[in-house]
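Q: Take this structure first; my questions come after.
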Amino acid sequence: MSAVVRSVVTGVGAYLPENVVTNHDLSKIVDTNDEWIMARTGIHKRHKAADDQAVSDLAVEAARNALADAGKTPHDVDLIVVATTTPDLTFPATAAIVQRKLGCNVGIAFDVQAVCSGFVFAMTVADGFVARGHAKCALVIGAETMTRLMDWTDRGTCVLFGDGAGAVVLEPGEGQGTNADRGLIGFALRTDGTKQDLLYVDGGPSTTGTVGKLRMQGNQVFRHAVINISEAVVAAAAHAGVDVADVDWFIPHQANQRILAGVAHRLGIDEKKVISTVAEHANTSAASIPLALAEGIADGRVKRGDLLLMEAMGGGLTWGACVVRL
Ligand code: UT7
356 MSAVVRSVVT GVGAYLPENV VTNHDLSKIV DTNDEWIMAR TGIHKRHKAA
406 DDQAVSDLAV EAARNALADA GKTPHDVDLI VVATTTPDLT FPATAAIVQR
456 KLGCNVGIAF DVQAVCSGFV FAMTVADGFV ARGHAKCALV IGAETMTRLM
506 DWTDRGTCVL FGDGAGAVVL EPGEGQGTNA DRGLIGFALR TDGTKQDLLY
556 VDGGPSTTGT VGKLRMQGNQ VFRHAVINIS EAVVAAAAHA GVDVADVDWF
606 IPHQANQRIL AGVAHRLGID EKKVISTVAE HANTSAASIP LALAEGIADG
656 RVKRGDLLLM EAMGGGLTWG ACVVRL
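Counted the way our numbering counts, the sequence shown spans residues 356 to 681.
Structure representation (structure tokens):
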């Protein structure tokens, strides 16, 4: 094998807004209860951004933490990719706002919109720059204020989502072109636009001229989730040249504990290898994977050199997985 440039994760950071909303809190505004939410989703609570916090504020906090972890400053950053479905404004991109707020030098900054799969898509997009020598210090951020898209009269959706942000720093590192290399070593991305009616927001600048509210046929999405995610996991592992059984930690999108368990069961994965934050964070869309990664590192489970598999499915439908050796 010959030498190759890999996109290596050198820093990880997270941020969760202070305000916590419990299932009990929600039972006061819609016809629901803690027992139903826990049994059907595994969610216990979620964080909610303050009224004066924009998604870029959450992203900036996570980015600062990731940069500190990597031993970098905003002046080192030459690429920012923000995965979000809840941007501050229709334009400019939230990434450009994050760049300004961090005080970065002029570089490349743009958003990626793949809803809950956004972080996986953004990692592969950033890899395209880092591995080809166009960026030396990239921030890949998943940041969401999903609570702003909720219809607070719809108990089928408003109990499921939360706000937060997670970020990684990617830097180029020399690899040997094998699956022992540190960095992003394989991925699989998918979109099926024919199923967009299952999960979407019913507004937008060129249709209603409004932001809109999230609409979901939850049980239909659930049916696709386990099958689609499992297929992407197998494809990403094959692309990386690893066996699913060799993966040290699965870092999934946190939509529903039953989906995490279903994928683990289908692929014969020990559930002890699955990092789950769904009870504490709920579904934070594009932020959920980097938030789970940060938690796994902070509590000492996930260590440098471990083989990680990140996977997600969301509106679009989009889904995908990527394999990273930390
Ligand atoms: O991140 C993007 C991807 N999103 C997902 O992966 C979400 C996938 N879907 C899910 O996680 C699950 O489908 C849900 C958690 C959304 C719903 O669970 P479910 O087991 O599929 O329930 P259901 O939608 O089939 O509803 C069952 C019952 C219904 O009542 P009836 O018609 O049987 O009388 C609902 O009205 O549960 C009722 N229900 C609730 N009850 C109490 C729905 N939401 C609630 C609620 N509290 N919050």
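Ideal Cβ placement from N, Cα and C applies to all residues, glycine included.
#1: Regarding Val514 and the ligand UT7, is the C-beta to nearest heavy atom distance less than 7 Å?
#2: Based on the DSSP output, what are the partners of Ala520 in its beta bridges?
#3: Can you tell me whether Ile384 is buried or exposed? The criterion is at least 16 other CB atoms within 10 Å of its CB, across all chains shown.
#4: Taking the straight line between their C-alpha atoms, what separation do you get for Ala369 and Met665?
#5: Measuring CA to CA, which of Arg503, Ala498, Leu615 and Thr562 is closest to Arg682?
#6: Along the chain, where does the beta strand (DSSP E) containing Glu626 start, and where does it finish?
#7: Please report the distance separating the alpha-carbon of Met501 from that of Asp466.
#8: Which parts of the stretch 408-446 are runs of the beta strand (DSSP E), unbroken and 3 residues or longer, counting only runs that do not cross its ends?
#9: Should Trp507 be labelled buried (16 or more other beta-carbon atoms within 10 Å of its own) or exposed?
#10: Do three or more CB pairs link the stretch 433-448 to the stretch 466-483 at distances below 8 Å?
#11: For the alpha helix (DSSP H) containing Trp604, list its first residue and its last residue.
#12: Can you tell me which residues form a DSSP beta bridge with Lys403?
#13: Any C-beta of chain D sitting closer than 8 Å to the C-beta of Trp507?
A: In brief:
#1: Within the sequence shown, residue 514 is the residue found at index 159, counting from 1. Yes, the beta carbon of Val514 sits closer than 7 Å to at least one heavy atom of the ligand UT7.
#2: Counting from one through the sequence shown, the residue named residue 520 turns up at place 165. Tyr370 and Ala498.
#3: Looking up residue 384 in the sequence shown gives position 29. Classification for Ile384: exposed.
#4: The count along the sequence shown starts at 1 and reaches residue 369 at position 14. The count along the sequence shown starts at 1 and reaches residue 665 at position 310. Going from the Cα of Ala369 to the Cα of Met665 covers about 16 Å.
#5: Nothing can be reported for residue 682, as the shown portion of the chain is limited to 356 through 681.
#6: The residue labelled residue 626 in the question sits at position 271 within the sequence shown. Unbroken run through Glu626: none, as it is neither H nor E.
#7: Position 146 of the sequence shown, counted from the first residue, corresponds to residue 501. Position 111 of the sequence shown, counted from the first residue, corresponds to residue 466. One C-alpha to the other measures close to 16 Å.
#8: 434-438
#9: Position 152 of the sequence shown holds residue 507. Flag for Trp507 reads exposed.
#10: yes
#11: Taking the sequence shown and counting its residues from 1, one reaches residue 604 at position 249. First-last for Trp604: Trp604 to Pro607, but that is the beta strand (DSSP E), not the alpha helix (DSSP H).
#12: Here residue 403 refers to the residue found at position 48 when the sequence shown is read from its first residue. DSSP lists Asn374 as partners of Lys403.
#13: The structure shown contains no chain D; it is built from a single protein chain.
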